[in-house]
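What follows is one structure encoded as structure tokens, with my remarks underneath.
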Amino acid sequence: MLKRTVFAIAARVKTHPFAKLTAFSSRPTMTVVSSPVPRRERLRQATLDEIKQTARAQLAERGPAALSLRGVARVMGMAPSALYRYVDSREILLAELVADGFASLAEALEAAFDAADPHDHLRRWLQVARAQRRWALDHPTEYGLIFGPGIPCATSTNDRMITQLHRAVAVLFRCMSESTGAGMIDTAAVDAQLTPPMRASLQAWGRDHDVAIDAAGLAVCLAVWTQLHGFISLEMFGHLPPALDDIDELFDRQMADAIIRVWRGGYNLATVMPVPPAGRPVAK
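Per the numbering used here, the sequence shown starts with residue 10, numbered consecutively.
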């Protein structure tokens, strides 16, 4: 059985009955009919929001391992038994926090994708990559929760969490699929470099998760995904050399290089750098 990683879960395109979403759509599409929310439901939602806010504060202070419903109840001045009327378990609370984190990340990535020039695929990818880094720097607790070790989404069946995770990763899929469709990525050259076992593994992974992209396209997605998260994680956890003066420029160059290596002729770092500085995050 394939391990259900963040990347694997995001490719599950037939899971959600309430929203049609493929790996290459920008976001779910659905019809929402508004109606007045009863007072009791508003009060319940306000309490749930306070529970999650209190839990996030605990996560920021002590990390996921130390999160407990009893501790949340104590801070809120509630009896632990009363808290269970709102949250069935610690695992469910964590899953909801992860869902909130992925929803926030997805909104940032979708906004960056939509704001970019749809005909400039390379710079659009850079804008999306920057948006993910900016979000991570602005939300270190949430980043550590959703991408750190032992994240709940590895085994969760929480539909909301999986949907929001899918939204976030779908932006990366769309960047790569539209670049490939425009003939910008040299998939033939990528495929020629795949060993038969690697090609077979990627093809099997795509079939198992109903991903409408070939082995070369998946290889490109995985390459840029790991480079993006590798850089951000090194920065977030303080593992980049302290002598580096311009982390922004290093990040831009790394992200551009990840794509240029598979770009179809006519591009090198000199043609795209320096990237316009608008929107570049600054580490805190």
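Don't be surprised by glycine CBs; every beta carbon is placed ideally from N, CA and C.
**Prompt:** Would you call the segment 250-266 and the segment 130-138 in contact, with 3 or more CB pairs under 8 Å?
**Reply:** Judged by pairs of C-beta atoms under 8 Å, the segment 250-266 touches the segment 130-138, as three or more such pairs exist.
**Request:** Count the CB pairs spanning the segment 180-193 and the segment 227-239 that are closer than 8 Å, and state whether there are at least three.
**Result:** A contact exists between the segment 180-193 and the segment 227-239.
**Prompt:** Looking at C-beta atoms only, is the number of pairs between the segment 164-179 and the segment 104-120 that lie closer than 8 Å three or more?
**Reply:** Pairwise C-beta distances place the segment 164-179 in contact with the segment 104-120, as three or more of them are shorter than 8 Å.
**Prompt:** How would you write the range of the alpha helix (DSSP H) that serine 188 sits in, first residue to last?
**Reply:** Following the DSSP letters along the chain, one finds serine 188 inside the alpha helix (DSSP H) bounded by residues 168-190.
**Request:** Determine the DSSP secondary structure at isoleucine 60, reduced to helix, strand or coil.
**Result:** Helix, per DSSP.
**With 16 other Cβ atoms within 10 Å as the buried cut-off, status of proline 89** = Under this definition proline 89 is an exposed residue.
**Request:** Take the Cβ of valine 96 as the centre, count every other Cβ of all protein chains shown within 10 Å, and call the residue buried at 16 or more, exposed below.
**Result:** With at least 16 other beta carbons inside 10 angstroms of its own, valine 96 counts as buried.
**Prompt:** Taking the DSSP output, what are the residues bridged to isoleucine 101?
**Reply:** Answer by DSSP bridge pairing: none, since isoleucine 101 is not bridged.
**Residue of Arg79, Leu52, Glu50 and Arg51 minimising C-alpha distance to threonine 63** = Comparing Cα-Cα distances from threonine 63 to each of Arg79, Leu52, Glu50 and Arg51, the minimum goes to Arg79.
**Request:** Evaluate alanine 87 with the Cβ neighbour count: other Cβ atoms within 10 Å of its Cβ, from every protein chain shown; 16 or more gives buried, anything less gives exposed.
**Result:** Note on residue identity: the sequence assigns methionine, not alanine, to residue 87. Label assigned to methionine 87: buried.
**Request:** Please say whether arginine 176 and alanine 125 have beta carbons closer to each other than 9 Å?
**Result:** Not in contact: alanine 125 and arginine 176 (Cβ atoms no closer than 9 Å).
**Message:** Using the three-state DSSP reduction, which class does isoleucine 194 fall into: helix, strand or coil?
**Reply:** In the three-state reduction of the DSSP assignment, isoleucine 194 falls in the strand class, which pools E and B.
**Item:** 7 Å CB neighbourhood of arginine 273 in its chain, flanking five on each side removed
**Value:** Non-local C-beta neighbours of arginine 273 in its own chain, meaning closer than 7 Å and more than five positions away in sequence, comprise Gly192, Met193, Ile194 and Asp195, ordered along the chain.
**Asked** If we call anything under 9 Å between Cβ atoms a contact, is glycine 110 one with glutamate 70?
**Response** With a cutoff of 9 Å on beta-carbon distance, glycine 110 and glutamate 70 are scored as not near each other.
**Item:** Buried or exposed by the 16-neighbour rule on C-beta atoms within 10 Å, applied to valine 325
**Value:** Within the shown structure, residues of the chain are numbered from 10 to 293, placing residue 325 beyond reach of any answer.
**4-residue-minimum alpha helix (DSSP H) runs that sit fully inside the segment 49-96, ordered along the chain** = Positions of the alpha helix (DSSP H) runs, each at least 4 residues long and wholly inside the segment 49-96, are given as 78-85 and 89-92 in order along the chain.
**C-beta contact flag for alanine 224 and leucine 211 at 9 Å** = In this structure, leucine 211 lies closer than 9 Å to alanine 224 by Cβ.
**Asked** Going by DSSP, what residues sit across from tryptophan 272 in a beta bridge?
**Response** BP columns for tryptophan 272 point to Ile194.
**Message:** Can you look up aspartate 126 in the DSSP assignment and give me helix, strand or coil?
**Reply:** Annotated three-state conformation of aspartate 126 is coil, per DSSP.
**Request:** Can you grab the Cα-Cα spacing for the pair threonine 189 / alanine 66, in whole Å?
**Result:** Straight-line Cα distance between these residues: approximately 42 Å.
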